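Q: First, the structure itself, so that you have it in front of you.
Protein chains: 2
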Amino acid sequence: MDLTRIAIDANGGDNAPEIVVDGCLKAIEEASDIELILFGDQEDLERRLSERTFDKKRISIIDAKEKIDNNEAPVLAIRRKKNSSIVKGMQYVKEGHAHAFVSAGSTGAVLAGGTLIVGRIKGVERPALGSLIPTAKGMMLLMDCGANAENKPSHLHQFAKMGSVYIGAFLAIDNPKVGLVNVGAEEKKGNPLYQDTHQLLKGDTSINFIGNVEGRDISTGIADVVVADGFTGNIILKHTEGLASTLMGMVKEGMTSTLISKIGALMVKGALKENLKKLDYTEYGGAPLLGLEGLVVKAHGSSNAKAFKNAILQCRTFSKEKVNDKIKQHLL
Amino acid sequence: MDLTRIAIDANGGDNAPEIVVDGCLKAIEEASDIELILFGDQEDLERRLSERTFDKKRISIIDAKEKIDNNEAPVLAIRRKKNSSIVKGMQYVKEGHAHAFVSAGSTGAVLAGGTLIVGRIKGVERPALGSLIPTAKGMMLLMDCGANAENKPSHLHQFAKMGSVYIGAFLAIDNPKVGLVNVGAEEKKGNPLYQDTHQLLKGDTSINFIGNVEGRDISTGIADVVVADGFTGNIILKHTEGLASTLMGMVKEGMTSTLISKIGALMVKGALKENLKKLDYTEYGGAPLLGLEGLVVKAHGSSNAKAFKNAILQCRTFSKEKVNDKIKQHLL
Numbered sequence: 041m042d043l044t045r046i047a048i049d050a051n052g053g054d055n056a057p058e059i060v061v062d063g064c065l066k067a068i069e070e071a072s073d074i075e076l077i078l079f080g081d082q083e084d085l086e087r088r089l090s091e092r093t094f095d096k097k098r099i100s101i102i103d104a105k106e107k108i109d110n111n112e113a114p115v116l117a118i119r120r121k122k123n124s125s126i127v128k129g130m131q132y133v134k135e136g137h138a139h140a141f142v143s144a145g146s147t148g149a150v151l152a153g154g155t156l157i158v159g160r161i162k163g164v165e166r167p168a169l170g171s172l173i174p175t176a177k178g179m180m181l182l183m184d185c186g187a188n189a190e191n192k193p194s195h196l197h198q199f200a201k202m203g204s205v206y207i208g209a210f211l212a213i214d215n216p217k218v219g220l221v222n223v224g225a226e227e228k229k230g231n232p233l234y235q236d237t238h239q240l241l242k243g244d245t246s247i248n249f250i251g252n253v254e255g256r257d258i259s260t261g262i263a264d265v266v267v268a269d270g271f272t273g274n275i276i277l278k279h280t281e282g283l284a285s286t287l288m289g290m291v292k293e294g295m296t297s298t299l300i301s302k303i304g305a306l307m308v309k310g311a312l313k314e315n316l317k318k319l320d321y322t323e324y325g326g327a328p329l330l331g332l333e334g335l336v337v338k339a340h341g342s343s344n345a346k347a348f349k350n351a352i353l354q355c356r357t358f359s360k361e362k363v364n365d366k367i368k369q370h371l372l
Numbered sequence: 041m042d043l044t045r046i047a048i049d050a051n052g053g054d055n056a057p058e059i060v061v062d063g064c065l066k067a068i069e070e071a072s073d074i075e076l077i078l079f080g081d082q083e084d085l086e087r088r089l090s091e092r093t094f095d096k097k098r099i100s101i102i103d104a105k106e107k108i109d110n111n112e113a114p115v116l117a118i119r120r121k122k123n124s125s126i127v128k129g130m131q132y133v134k135e136g137h138a139h140a141f142v143s144a145g146s147t148g149a150v151l152a153g154g155t156l157i158v159g160r161i162k163g164v165e166r167p168a169l170g171s172l173i174p175t176a177k178g179m180m181l182l183m184d185c186g187a188n189a190e191n192k193p194s195h196l197h198q199f200a201k202m203g204s205v206y207i208g209a210f211l212a213i214d215n216p217k218v219g220l221v222n223v224g225a226e227e228k229k230g231n232p233l234y235q236d237t238h239q240l241l242k243g244d245t246s247i248n249f250i251g252n253v254e255g256r257d258i259s260t261g262i263a264d265v266v267v268a269d270g271f272t273g274n275i276i277l278k279h280t281e282g283l284a285s286t287l288m289g290m291v292k293e294g295m296t297s298t299l300i301s302k303i304g305a306l307m308v309k310g311a312l313k314e315n316l317k318k319l320d321y322t323e324y325g326g327a328p329l330l331g332l333e334g335l336v337v338k339a340h341g342s343s344n345a346k347a348f349k350n351a352i353l354q355c356r357t358f359s360k361e362k363v364n365d366k367i368k369q370h371l372l
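One line per chain: the protein sequences are L and G, in this order.
Here the first sequence is numbered in my numbering, starting from 41 and rising by one per residue.
Here the second sequence is numbered in my numbering, starting from 41 and rising by one per residue.
And the structure:
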C-alpha cells in the first residue's frame, strides 16, 4: 500500500491547535493510507494526543514552536522564523520526507514559503492558488486566487494547464472545460493581458478551452476551471464568500420576520440546509498552491475540524493521482 | 417649476418599444416635472400612444427608425447609423434640448455614443459607468463597471470624485464613504495601479476615503462608493448578478424539495419576497455614465416598465441635484 505522508501546521489558523488535532484524528480514521507529521509545540501536542485513542504509529510530532502571524511581512517571516511550523514543515516536504503540507495559517507566509522553501517545478513561471467554488452544477476551480499581484499571459496559460490537470484528478473528469474570465464573449474583449491570454489558450490543443467566461457565468458551472490573474481572482473568490454570506443572511432575516414565516422557516429548514450544503467550504478542503515540487494546501483560517480533515484528504488524492507528474508532463 | 427634459431610446432593449412606452407613461404619472422625448419609429409610437390616456404635452416623438444591435461594433455603428435612436437622442442632449438620455439598448453603443456625441466634461479623462449594487445595509455605487478596458490611477481618482458626488445626491447623504477595491487592507497591497490609486485617494481631502475594500466586504455596505478599474468592476457587477441568481435558485430548489418544505415555502414566501426586494434591480433604475456633458443612463437590457420608469426618474434627481455642476466644481 502506498502511504501518503502529510506535514501539518499545528500552529496555523484561528482555532489551532485544537481543530488541527481533531482534523488529523478524523483524517486517519477515514483514510488508512496516510501518515501525518505535526509541526508545533511538541509538549502541548503530546499532551493533547495522549488523551486520545488512535494508532500511534500514524501521527508523529516535530517540535516547531514559532508561529507566523497574519500581520507579519511574509517573506521576512519565512527568512527569520526558522523554527516556525511553516518553515520546518515545508523544509520537510522539500527534503522529500512528506508529499504535502497543509496549513490554516497566514496565506502570505504559506505562499512565500511555497516558492522560497518547497520551490517551483522547473518550467513553472509562477505558482498559483486554486480555490474550489460551488456552482449551480457542482463546483469549479478558480485560479489564481491571489498568489500573484500581477501576471503575464504566459502565467495565465500555465494556470490553465495546471488547473486542468488538478480538477481532472480531483473531480475524476476527462477533458475538463477551461474558461477565461473576461468582460465579454468575443476574443478581442478585455485588456491586452486577457486578449493575449485568449490567443494562447485558443492555440493550445492540450486543454479544452471553451472561451471567455463573463462575470454572470462564473457561478453557472459553465467551466470546470476558470482562469484569472491573481488580483481579479482574489476579488472574485472573496466577493463570492462575502455575497453568499450577505444573501443567506437576508434569506434568514426574511424567513424569520413574521410569525407565519417563522413557522414556515422551521418546515423548510432541513431541506434548505441539505440543498445549500454545497455552499459549505468545509466540505471541500483547502486551496491548493499549484506549481510547486510538492503539494501545499492552504486551509481556511477559520477551518473547523471537518474542513481541516478534508484539506488533508485532498492531499491524498493529489498524491495518488500523481497530479504533479501530470503537471510536469503537461508543461513540457 | 423646473422641468427636466429627458430623451428616450424607444428602440433599445429586449422588450422595446412596449416597455419603453409603458415606462414613460408611468414616469410622467409619478413625476409632474418631467417631459419626455421619444426617439424611435414615429408612426408606430404615435399609434401606441394614441391608444393611451395621458397629458399629450408631456411626451413628444422624434422619428429615428434605425436600431443599433448588441452585436454591432459600437464605434462604427455610432458613426454610420445617423438615424438611429441612440445617435439622434444623444445629439439632442448634446445640443442642449434635453438634460439626459436613457437607453436599454447596446451597452457598447451607449458608451461609445456618450463619449463621441454627448462628449466629456472638460478635464474628465475617462467617463465611467456606475452601477447601484445592493448591500447588507442598503446600496452602493460600483464604478467603473465596464466603460473602460484599461485604466490609469488618475482615472480611478476621478471615478472616486464623480462617484462620490453622484451617490451623495442620489442617496441624499453627506460625505459618502469611498473605498478602493483591493486584495488586502494594507496600502501597499495589489498591483501598481491600485497602489498608486490608493495614494491619490488618501491624499485627496475632498473625498471621504476609507481605504481598501476587500472582495469579502463589497456586499457588506462598508462603503457608499467602491472604485475599480473597468475590467475588474465589470466582473464584480456581473458576478454579483450571476451569483445572486444561482443562490436564489438553490434556495428555491431546496425549499420545494420535500412535501413539508413545500408547505413551509408557502408560509415564508411573502416575508422572504419582501426582504429580498432590495436585490431587485428594477427598483433602482439604470447605470449612469458619469463624466459627460449631460446624463446618459444605461437601463438593463431586460428592463421591465418599472425598471425603465426608475431609470427615467433617476435623471430627474441628477438634474435637480445639479450633479454635473457639482462634478465640475469637484474636478477643478
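Where a beta carbon is used, it is the ideal one built from N, C-alpha and C, also for glycine.
As the structure is a prediction and not an experimental result, all values here were calculated from the model.
1. Mark Asp73/G as exposed unless 16 or more other C-beta atoms lie within 10 angstroms of its C-beta, in which case mark it buried.
2. For Ala50/G versus Leu89/G, is the C-beta distance shorter than 8 Å?
3. Terminal residues of the continuous alpha helix (DSSP H) containing Gly251/G?
4. Would you mind telling me which residues of chain L sit closer than 8 Å to Thr298/G, beta carbon to beta carbon, in chain order?
5. Does DSSP classify Ala168/L as helix, strand or coil?
6. I need the straight-line Cα distance from Ile303/G to Ser285/L, nearest angstrom please.
7. Which residues mark the beginning and the end of the beta strand (DSSP E) in which Val142/G is found?
8. Could you name the residues of the segment 269 to 281 of chain G whose beta carbon sits closer than 8 Å to any beta carbon of chain L, in the order they occur along the chain?
9. Which runs of the alpha helix (DSSP H) at least 4 residues long sit entirely within the segment 267 to 295 of chain L? Give them in chain order.
10. When you compare each of Val291/L, Ala339/L, Leu241/L and Tyr324/L to Lys317/G by their alpha carbons, which one comes out closest?
11. Count the CB pairs spanning the segment 243 to 257 of chain L and the segment 245 to 262 of chain G that are closer than 8 Å, and state whether there are at least three.
12. Beta-carbon within less than 7 Å of Leu172/L's beta-carbon, same chain only, minus the 5 sequence neighbours each way: which residues are those?
13. For Gly203/G, does the count of other Cβ atoms within 10 angstroms reach 16, so buried, or fall short, so exposed?
14. Within 10 angstroms of the Cβ of Ala212/G, are there 16 or more other Cβ atoms? Answer buried if so, exposed if not.
15. According to DSSP, simplified to helix, strand and coil, what is Asp244/L?
16. Any C-beta of chain L sitting closer than 8 Å to the C-beta of Glu165/G?
17. Closer than 8 Å, Cβ to Cβ, to anything on chain L: give me those residues from the segment 182 to 201 of chain G, in chain order.
18. For a contact meaning CB atoms closer than 8 Å, what does Gly230/L contact in chain G?
19. Are Gly154/G and Gly52/G touching if we call contact CB-CB under 8 Å?
20. If you scan the segment 147 to 193 of chain L from start to end, which runs of the beta strand (DSSP E) of 3 or more residues do you find wholly inside it?
21. Which residue comes first and which comes last in the alpha helix (DSSP H) that contains Lys302/G?
22. Counting along the chain, where does the alpha helix (DSSP H) carrying Ala327/L start and finish?
23. So does Glu314/L have its beta carbon nearer than 7 Å to some heavy atom of the ligand NAD?
24. Using the DSSP secondary-structure output, state which residues sit across from Ile77/G in a beta bridge.
25. Is Ile258/G close to chain L? Criterion is C-beta to C-beta, closer than 8 Å.
26. Would you identify the three-state DSSP class for Glu106/G, choosing helix, strand or coil?
27. With the cut-off set at 8 Å, would you say Asp244/L and His195/L are in Cβ contact?
28. Gly219/L lies in the beta strand (DSSP E); which residues open and close that run?
29. Quick check: the segment 125 to 143 of chain G against the segment 339 to 357 of chain G, are at least 3 beta-carbon pairs closer than 8 Å?
30. State the start and end residues of the unbroken alpha helix (DSSP H) segment that holds Lys338/G.
31. Measure the alpha-carbon distance for Leu335/L versus Val267/L and round it to whole angstroms.
32. Does Val265/G get closer than 8 Å to chain L when you measure Cβ to Cβ?
33. Considering Cα atoms alone, identify which of Ile300/L, Val150/L and Tyr234/L is closest to Thr272/G.
34. Determine, for Asn123/L, whether the minimum Cβ-Cβ distance to residues of chain G falls below 8 Å.
35. Counting only the same chain and skipping the five closest in sequence on each side, list residues whose C-beta sits under 7 Å from that of Gly163/L.
36. Quick one, which residues of the segment 224 to 252 of chain L are near chain G if we go by CB-CB under 7 Å, in chain order?
A: Concretely, from the data shown:
1. exposed
2. no
3. Not the alpha helix (DSSP H): Gly251/G falls in the beta strand (DSSP E), residues Asn248 to Val253.
4. Gly310 and Ala311
5. In this structure, Ala168/L counts as strand in the three-state DSSP scheme.
6. 26 Å
7. Boundaries of the beta strand (DSSP E) around Val142/G: Ala140 to Ser143.
8. In summary, the residues of the segment 269 to 281 of chain G whose CB is separated from some CB of chain L by less than 8 Å are Gly270, Phe271, Thr272, Asn274, Ile275, Ile276, Leu277, Lys278, His279, Thr280 and Glu281, in the order they occur in the chain.
9. 270 to 295
10. It is Val291/L whose Cα lies nearest to the Cα of Lys317/G.
11. Touching, no.
12. Met179, Leu181 and Tyr324
13. buried
14. exposed
15. coil
16. no
17. Gly186, Ala189 and Glu190
18. Ala189 and Phe271
19. no
20. 168 to 174 and 179 to 183
21. Leu299 to Asn315
22. Note, Ala327/L: premise wrong, no alpha helix (DSSP H); beta strand (DSSP E) at Ala327 to Leu330.
23. Looking at this structure, you won't find the ligand NAD or any other ligand, since it has none at all.
24. Ala47/G and Ser100/G
25. yes
26. Glu106/G falls in the strand class under three-state DSSP.
27. no
28. Lys217 to Val221
29. yes
30. Taken as a continuous stretch (DSSP letters only), Lys338/G belongs to no alpha helix (DSSP H), being part of the beta strand (DSSP E) at Leu335 to Lys338.
31. 20 Å
32. Chain L, which has no Cβ nearer than 8 Å to the Cβ of Val265/G, makes this no.
33. Of Ile300/L, Val150/L and Tyr234/L, the residue nearest in Cα terms is Tyr234/L.
34. no
35. Leu371
36. Gly230 and Asn231
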